[in-house]
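Peer 1:
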Amino acid sequence: SGVIGSGLCVFSRFPILDTLLYQYSLNGYPYMLQHGDWFCGKSVGLPGSRAGVGVGVTAPLLSLSLQLHAEYCRDKDAYLPHRLVQAWELAQFIRHTSKAADVVLLGGDLNMHPEDVGIRLLRGWTGLRDAFAEATHFEGCKNGCTLVPDNCFTDKSELLPFPLGIRIDYILYKAISSFTVKCEELRTTTGPAPGVDIPFSDHEAVMATLHIQRQGQPACATLGTADLALADVVTEARTEVGVGLRAAQRQRYSSGRMAVLALLLLLL
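For the sequence shown, the positions run 2 to 269 when this note's numbering is used.
#1: Beta-carbon separation of residue 125 and residue 229 under 7 Å?
#2: Would you give the residue range spanned by the beta strand (DSSP E) that residue 188 belongs to?
#3: Measure the C-alpha to C-alpha separation of residue 290 and residue 260 and round it to an integer number of angstroms.
#4: Do residue 104 and residue 62 have their C-beta atoms closer together than 7 Å?
#5: Quick one: what's got a C-beta closer than 6 Å to residue 81's C-beta in the same chain, skipping five residues either side?
#6: Can you check whether the CB of residue 184 is closer than 7 Å to the CB of residue 102?
#7: Mapping the DSSP letters down to three states, classify residue 87 as helix, strand or coil.
#8: Can residue 215 and residue 141 be called in contact, C-beta distance under 7 Å?
#9: Quick check on residue 170: does DSSP put it in helix, strand or coil?
#10: What's the C-alpha gap between residue 77 and residue 245?
#11: For residue 138, which residues does DSSP report across the bridge?
#12: By Cβ distance below 8 Å, which residues in the same chain neighbour residue 11 in space, the five residues on each side in sequence not counted?
#13: Measuring alpha carbon to alpha carbon, tell me which of 177, 238 and 8 ends up nearest residue 22.
#14: Under 6 Å Cβ to Cβ from residue 109, same chain only, skipping five residues before and after it: list those, please.
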């Protein structure tokens, strides 16, 4: 996707039966060369597979690998509307592609703090559960942070308001039909990779151990049941997107005037 590609990659222990790549309709600005999100073409990748959950028992598994638009500046976040639109499209994508699956597994860099409106919108609309919040045992960086100041690839100035770091990489999951999923363990990498003096990446890796089990009778699937709390989240998201839309319209008007002025100067 995009000009240089999204960089998504999935390695699966179970055979990948089919794949699908969906590129978000809103992906930043092409003139913001220093950011590059538009050129990457942020996307969600869907490799369909069947996971073994017992002797002679398999479950259709919908696994998604993704990345949303980066934040860059939390105080003046020009890309918040972009991430909200991406989160909404992702939620719709999950709802429409998970109907034939028994388990939904999502992992990636959402570029959102746990309390942000985008993550609340995504989880509320899809019913996905946060592996960090549900894990029986956790080991790794404090509060599950994946972007930490101790990482040599991290810009320390960006994390001044967050001395412990921030958690923006997630593993989300849910069970549909007659299966249950429990997160037994969640771990993050800490510090350098084994055998070298630098870490794997600017983000700490997240690893989850999930226990998938068939239950006696089908469970009631809750695909984003509308309630008052979710309605408030949707309203909040719509407000932020509306602010971004008006800002984009002002920018287009200003750019149009500058283009006309430049053309007149060339003709004089």
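In this text, a Cβ means the ideal position worked out from N, Cα and C, and glycines have one as well.
Peer 2: From the atom records:
#1: no
#2: 180-189
#3: Past the boundaries of the shown model lies residue 290; the chain is included only from 2 to 269, so the question cannot be answered.
#4: yes
#5: 241
#6: no
#7: helix
#8: no
#9: strand
#10: 12 Å
#11: 186
#12: 17, 46, 48, 64 and 66
#13: 8
#14: 66, 67 and 68
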